[in-house]
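Sequential numbering of the sequence shown, starting at 1, is according to full-length UniProt numbering.
Beta carbons: idealized from backbone N, C-alpha and C, even for Gly.
Since the model is a prediction, treat every value here as computed from it, not as a measurement.
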Amino acid sequence: MSDDVQSWIKETVTQNPVVLFMKGTAQFPQCGFSGKAIALLKESGVTDLVTVNVLDDAEVRQGIKDFSQWPTVPQLYVKGEFIGGSDIMNEMFASGELQALLKA
């Protein structure tokens with residue numbers, strides 16, 4: 001895995017408050033989990049969201065899994081910190097933790 005990809009990922013997640021690595025785009029998610037993640041973020045009031053379509057670049061798709069040590073996509077980052085995938089987002093949303101984190 002190239003250091004360039006890892007550097008780019010690190011820069012992306014640290015320079016943007018909310019980043020979602022996903023399959024597809026916010027307007028056109030390409031899998032149910034990515035669609036669910038976008039819906040949860042919208043319901044939580046997120047307006048400043050950067051999405052990265054991992055289907056556009058195989059290196060980024062593998063690189064984000066290596067970066068987070070997490071095997072699946074989508075992956076949510078808030079203020080540079082890895083939060084989790086759609087299952088964790090769903091649990092956090094149900095408890096109100098996700099909304100609180102995103103408003104902080």
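Which of the three DSSP states is assigned to residue i in this structure?
{"i": "L49", "result": "coil"}
{"i": "F21", "result": "strand"}
{"i": "V73", "result": "coil"}
{"i": "F82", "result": "strand"}
Closest by CA to residue i, which one among the options?
{"i": "G24", "options": "K103, S34 and P17", "result": "S34"}
{"i": "N53", "options": "A26, K42 and Y77", "result": "A26"}
{"i": "L55", "options": "T72, E43, Y77 and S68", "result": "T72"}
{"i": "G32", "options": "K10, N90 and L101", "result": "N90"}
{"i": "I88", "options": "E11, K36 and D3", "result": "K36"}
{"i": "K103", "options": "G45, R61, D66 and S86", "result": "G45"}
{"i": "E11", "options": "S86, F67 and D57", "result": "F67"}
I'd like to know whether the C-beta atoms of residue i and residue j end up nearer to each other than 7 Å.
{"i": "Q69", "j": "F21", "result": "no"}
{"i": "V13", "j": "G80", "result": "yes"}
{"i": "residue 138", "j": "V78", "result": "Given that the chain is displayed from residue 1 to residue 104, the structure contains no residue 138 and the question cannot be resolved."}
{"i": "I9", "j": "G96", "result": "no"}
{"i": "L40", "j": "F93", "result": "yes"}
So residue i and residue j are in contact, right, with Cβ under 8 Å, and what is the actual spacing, rounded?
{"i": "S2", "j": "E43", "result": "Going by Cβ atoms, the distance from S2 to E43 rounds to 36 Å, so no, they are not a contact pair."}
- Task: Answer yes if the segment 40–60 comes into contact with the segment 8–26, meaning at least three C-beta pairs across the two stretches below 8 Å, and no otherwise.
- Result: Three or more Cβ pairs drawn from the segment 8–26 and the segment 40–60 lie within less than 8 Å of each other, which places the two stretches in contact.
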